Amino acid sequence: MLRGNHPARIDEKGRLKVPNGFRSAIESQWGQELFVTSVTGEYVRLYPMAVWLEIERRLAEVPSTHPSKLRFLDRVNFFGQVAALDKQGRIVIPQLLRESALMAGEVSVLGLQNHLAVWNLKRLQERLFKKERSRTRTGGSWRSMGFEAGHTSVLLAETLELLAVRPGGLWVDGTLGLGGHAAAILRASAPGGRLLGLDRDGETLARARAVLAEFADRTRLEQADYRAIPEQLGGEPANGILLDLGISSAQLDDPERGFSFQADGPLDMRMDRSQGETAADLVNRLPESELADVIYQYGEERASRRIARTIAREREREPIRSTARLAEIVRGAAGRSRRPGLHPATRTFQALRIRVNGELAGLGEALERAALCLVPGGRMAVIAFHSLEDRIVKQGFRALALRGFRLLTKKPFRPGEEETRRNPRARSARLRGLAREEGA
Ligand SMILES: C[S@@+](CC[C@H](N)C(=O)[O-])C[C@H]1O[C@@H](n2cnc3c(N)ncnc32)[C@H](O)[C@@H]1O
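First residue of the sequence shown? That's 11 in my numbering, and the numbers climb one at a time after it.
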């Protein structure tokens, strides 16, 4: 295990003398060959060759057309060079990297478990302390650091602020999606911060792996339910845990997944397509009264009985297999939506999705079990997208507050006008936060 921070020097020939403690650990565990590279050009990464080959092996599982994978490989290969430690434990830093990472004179060598990061001392201090200061200000500071570029993760700045992300530590994203929040957490926790990322959807996970390729050495991504966070952590406490509940835009926008009535597709709606009943199975199997209860309970739909009756009649004629057919049937039964602009099938689709994936089952207990995995002072942030879910989060957090946890949000954070304009899907989001106090 490579850990700690050791000063070192770059000599006039551009060679780094690897500090002795690190050198002996590397040579005994992995040998003398290293891959010397960088992703941003800001600092140098030294990977023992065996560690780098393992990263390449994991990357090979991601489709080679994926833009994030290509970008990552372009960058590491642009800077990268294989080199060996000489007899005095020195390694040559390529000129390009010496220039971009300001490698001259005094540097800091940080142990990051299985590889080293070499920083220009001044740049490292600036980065660590600038970030500490920015944490105490409003979310705007995170935005100005460019953490939002290129994705539409909901309430991103507010989430980082609530989680108090800082360099180092172990962070958990229990609902990875396309990794927008996770990437921001990894950036804000560099150098040294690690992330355990979970998603129950294997297809989404493969995409997140590509998006997060540049952080592969600091992440562990698993196809798993967030209800299994304690088991996935295996006893190691976390500094912060994030749950951004529901489905991602990528899932919603893919007609093949069957979540949306906007485009026709198979009526599936399973987040994990390897198991369980589809929405079509339920719609064609459940007795009419049970179907009405599902639509009423999980969709808060007043016309639930009428919709269930029409579905029961229509499926007699022919089983309902597609999103477009179900949307048409519901439209005919429910009439115009009470809220202007809301498709009449919105609530029924939400209800079926919640039922298919058991989304509310065990959420309360999962929050409690996850909260108990936090270090003292550690934080949890949860984003909910509908009132049923948010009610469970609110009640779960209140129960934890009676046991020595501290509520960070008396009222939930909601997206402002600007965010809702940029990303209309964010409009119903509510973010709540909790901190574990000493002794809780
Ligand atoms: C709203 S998206 C997360 C978006 C993500 N924060 C981002 O920035 O890209 C929710 C994700 O959680 C996943 N998910 C939903 N329920 C889950 C569960 N019980 N366990 C693990 N993942 C779950 C979904 O598959 C989806 O990918």
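We put the beta carbon where it would ideally sit given N, CA and C, even for glycine. Keep in mind the model is a prediction, meaning the values are calculated, not measured.
Membership of N130 in the beta strand (DSSP E) is indicated by the continuous run 126 to 130. Between V46 and G90, the CB-CB gap stays under 8 Å. Contiguous beta strand (DSSP E) elements confined to the segment 249 to 321 do not occur, taking only those with 3 or more residues. Here K27 is not near A35, since their CB atoms are 8 Å or more apart.
Excluding sequence positions up to five before and after Q42, its CB lies within less than 7 Å of the CB of A94, L95, all in the same chain and listed in chain order. Taking the Cα positions, R424 is about 19 Å away from G406.
Selection V72, L180, A344 evaluated against Q123 yields L180 as nearest (Cα-Cα). Nearest in C-alpha terms to L131, of all of H125, G121, A114, is A114. With contact defined as three or more Cβ pairs closer than 8 Å, the segment 225 to 245 and the segment 306 to 326 are not in contact. For the pair R408 and G212, the Cα-to-Cα distance works out to about 33 Å. Within the chosen limit of 7 Å, ligand 1 does not reach the beta carbon of M390 with any heavy atom. For I239, the distance from the CB to the nearest heavy atom of ligand 1 is not below 7 Å. With fewer than 16 other Cβ atoms from the protein chains shown falling within 10 Å of its own Cβ, T50 counts as exposed. Residues of the same chain with a CB within less than 8 Å of the CB of I65, apart from the 5 flanking positions on each side, are Y57, A226, D227 in chain order. A361 places its beta carbon less than 8 Å from that of G309. A contact between stretches requires three or more CB pairs, one per stretch, nearer than 8 Å, and the segment 366 to 381 meets this requirement with the segment 239 to 256. Around the CB of R357, 16 or more other CB atoms lie within 10 Å, so the residue is classed as buried.
Using a Cβ distance threshold of 8 Å, E448 and P354 do not count as a contacting pair. Distances between the C-beta of Y53 and the heavy atoms of ligand 1 are all 7 Å or more. When DSSP reads this structure, E116 sits in a beta bridge with R19. In this structure L252 is buried. Its beta-carbon is surrounded by 16 or more other beta-carbon atoms within 10 angstroms. In this structure, the beta-carbon distance from A260 to P201 does not fall below 8 Å. Cβ neighbours of G189 within its own chain (closer than 6 Å, five residues either side excluded): A218, V221, L222.
Beta bridge pairing from DSSP links W181 with L205, G250.
Checking the DSSP bridge columns, you'll see I393 partnered with D254, L441. In the DSSP assignment, E448 falls outside any alpha helix (DSSP H) and carries neither an H nor an E. Your pair I339 and L165 does not check out as a contact, with CB atoms roughly 35 Å apart and the cut at 8 Å.
If you keep only unbroken beta strand (DSSP E) runs of at least 3 residues inside the segment 68 to 102, you get 91 to 94, 100 to 102. About 5 Å separates the beta carbon of I330 from that of V293, a gap short enough to meet the 8 Å contact definition. Just so you know, the alpha carbons of G203 and L196 end up roughly 6 Å apart. As computed with DSSP, Q233 is found in a beta bridge with D209. Taking the C-beta atoms as reference points, L208 is found no nearer than 8 Å to R389.
Collapsing the DSSP output to three states places P58 in a strand. Excluding its 5 nearest sequence neighbours in each direction, V61 has C-beta neighbours in its own chain below 7 Å: W40, N124, H125, listed in chain order. Of the residues P297, G187, V182, the one whose Cα lies closest to the Cα of E246 is V182.
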